[in-house]
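Its first residue numbered 18, the sequence shown is counted upward by one per residue in our numbering.
Please read the structure below before turning to the comments.
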Amino acid sequence: MRHLLTLFDLQPMELEAIFTITHDLKEKFAAGLREPILPGRVLAMLFERPSLRTRVSFEAAILQLGGGSLFLGEDVGFGSRESVEDCGRVLGQFVDVIVSRTREHQSLVDFASNCACSVINGLSEQAHPCQALADLYTIREQLGGLKTLRLAWVGDGNNVARSLAIGCAKMGYSFVAASPPGYQLDGSYLDEVRRAVPGAEIEQIEDPREAVEGADVVYTDVWASMGQEAEKQSRAESFAAYQVDRKLMSMAPERAIFMHCMPAHRGMEVTADVLDGPQSVVLEQAANRMHVQKGLLAWLLGKQS
Ligand code: CP
Ligand code: NVA
Numbered sequence: 018m019r020h021l022l023t024l025f026d027l028q029p030m031e032l033e034a035i036f037t038i039t040h041d042l043k044e045k046f047a048a049g050l051r052e053p054i055l056p057g058r059v060l061a062m063l064f065e066r067p068s069l070r071t072r073v074s075f076e077a078a079i080l081q082l083g084g085g086s087l088f089l090g091e092d093v094g095f096g097s098r099e100s101v102e103d104c105g106r107v108l109g110q111f112v113d114v115i116v117s118r119t120r121e122h123q124s125l126v127d128f129a130s131n132c133a134c135s136v137i138n139g140l141s142e143q144a145h146p147c148q149a150l151a152d153l154y155t156i157r158e159q160l161g162g163l164k165t166l167r168l169a170w171v172g173d174g175n176n177v178a179r180s181l182a183i184g185c186a187k188m189g190y191s192f193v194a195a196s197p198p199g200y201q202l203d204g205s206y207l208d209e210v211r212r213a214v215p216g217a218e219i220e221q222i223e224d225p226r227e228a229v230e231g232a233d234v235v236y237t238d239v240w241a242s243m244g245q246e247a248e249k250q251s252r253a254e255s256f257a258a259y260q261v262d263r264k265l266m267s268m269a270p271e272r273a274i275f276m277h278c279m280p281a282h283r284g285m286e287v288t289a290d291v292l293d294g295p296q297s298v299v300l301e302q303a304a305n306r307m308h309v310q311k312g313l314l315a316w317l318l319g320k321q322s
């Protein structure tokens, strides 16, 4: 059974296969075609945290492919009314694929290992593989002509940063993260990426100016992720020098694009003139969540158009 819990689960050739299906489906969508290639397939969405993009883009994706979706909120009692393992054993018999946004990554692992259908991580505190997949696809769409590519992450070494680090390594892009002390990507995680992709160009530094120098992509995310609301104030202080503003963007090459997984906070991790400015591709990124997830669902369920 194939699950997508992190991007370690996909080989470079498999990323390419998903992107090829995505490209085809996206072109057809633009031409007004929505081929029902997954008729009768059921997607369950098991969410312990709020979501706009992940939830709606997956639901729209499966509907456009001819299947249906069920949104399961906290009321199903995942891990409270019954164990996550029993939820997996039962739910996996009803549906074809499950997208799950758990509070803890370990619950997702325990759930998936007891599930007879594919489980996709719709964000955990450790990884956001669907976001990174859409981001890598967007980067190629925007900058596909470049021979080498450098992504500069500015901010918290969080779930999105971790997924982009392994995703960039698998795509052959170089990845540099600039974060304040205490908020950096774990050295052990970076070693895991290097072991999975020998020769991966991956770096953790402190200075955001050094990171964006020569970068083709400047990427940031919230300073306090879901579950870290109590640390909002202390994090705002620690990350103050990491705001992506026009001055920081001007230190990157003119061709550089700005990315953010959203939700975004103008005046915090990014200024409004950058988020809404000409280098920003945040809405293209968000749109690609749906297209790439269509490619992923078609690939996972073995139905290519
Ligand atoms: N980027 C992202 O995953 O957004 P949601 O939390 O709204 O799903
Ligand atoms: N790092 C953020 C991403 C939201 C899509 C969070 O985990 O809340």
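Ideal Cβ positions, reconstructed from N, Cα and C, are used throughout, including at glycine.
- A distance below 6 Å between beta-carbons, with the five flanking residues on each side excluded, links Ser297 to the following residues of its chain, in chain order: Phe275.
- Bounds of the alpha helix (DSSP H) holding Gly105 are 101 to 111.
- Distance from the Cα of Arg120 is smallest, within the candidate group Leu27, Ala315, Arg212, Glu65, for Glu65.
- When C-alpha distances from Gly284 are compared across Ala47, Leu87, Asp262, the shortest belongs to Asp262.
- Bounds of any alpha helix (DSSP H) do not take in Asn175, whose DSSP letter is neither H nor E.
- For Asp224, same chain residues with a beta-carbon under 7 Å away, outside a window of 5 residues either side, are Ala195 in chain order.
- Going by DSSP, Asn305 is part of the alpha helix (DSSP H) stretching over 299 to 317.
- Look at Met243: its beta carbon is less than 7 Å from one of the heavy atoms in the ligand NVA.
- Take Ala217, set aside five residues on each side of it, and the residues of its chain with a beta-carbon closer than 7 Å to its own are Ala186, Val210, Arg211, in chain order.
- Look at Leu60: its beta carbon is at least 7 Å from all of the heavy atoms in the ligand CP.
- Contact check between the region 134 to 143 and the region 80 to 91: fewer than three CB pairs, one atom from each, fall below 8 Å, which does not count as touching.
- Cys278 is not a Cβ neighbour of Gln143, given a cutoff of 8 Å.
- Distances from the alpha-carbon of Gln159 to those of Gly204, Pro215, Asp233 put Asp233 closest.
- Going by DSSP, Met276 is part of the beta strand (DSSP E) stretching over 274 to 277.
- Cα atoms of Gly294 and Pro198: separation of roughly 30 Å, rounded to the nearest angstrom.
- Under the three-state reduction of DSSP, Thr23 is assigned to coil, being neither helix nor strand.
- Within the same chain, and ignoring the five residues on either side of Ala241 in sequence, the residues whose Cβ sits closer than 6 Å to its Cβ are Glu248, Lys249, Arg252.
- Counting the other Cβ atoms within 10 Å of the Cβ of Ile222 gives fewer than 16, which makes it exposed.
- The shortest CA-to-CA distance from Gln110 to any of Ala48, His145, Ala133 is the one to Ala133.
- Pro270 is positioned such that its CB atom lies closer than 8 Å to that of Gly231.
- Cβ neighbours of His145 within its own chain (closer than 6 Å, five residues either side excluded): Asn176, Val177, Ser180.
- Taken atom to atom, the span from the alpha-carbon of Ser74 to that of Ala315 is near 14 Å.
- Relative to the ligand CP, Pro280 has its C-beta within less than 7 Å of a heavy atom.
- Here Arg226 is not near Tyr190, since their CB atoms are 8 Å or more apart.
- Only residues of its own chain outside the window of five on either side were considered, and among them Leu153 have a CB closer than 6 Å to the CB of Met188, listed in chain order.
- Beta-bridge partners assigned by DSSP to Thr37: none are found.
- When the five nearest sequence neighbours on each side are left out, the beta carbons in the same chain lying within less than 7 Å of the beta carbon of Thr39 are those of Tyr154, His308, Val309, Lys311, Gly312, in order along the chain.
- Between Ala61 and Leu89, the gap from beta carbon to beta carbon is short of 8 Å.
- Taking non-hydrogen atoms of the ligand CP into account, the C-beta of His20 is found less than 7 Å away from none of them.
- Here the C-alpha atom of Val214 lies approximately 16 Å from the C-alpha atom of Val193.
- When the Cα atoms are used, Ala77 and Leu292 turn out to be separated by approximately 26 Å.
- Contiguous beta strand (DSSP E) elements confined to the region 206 to 238 occur at 219 to 222, 234 to 237, taking only those with 3 or more residues.
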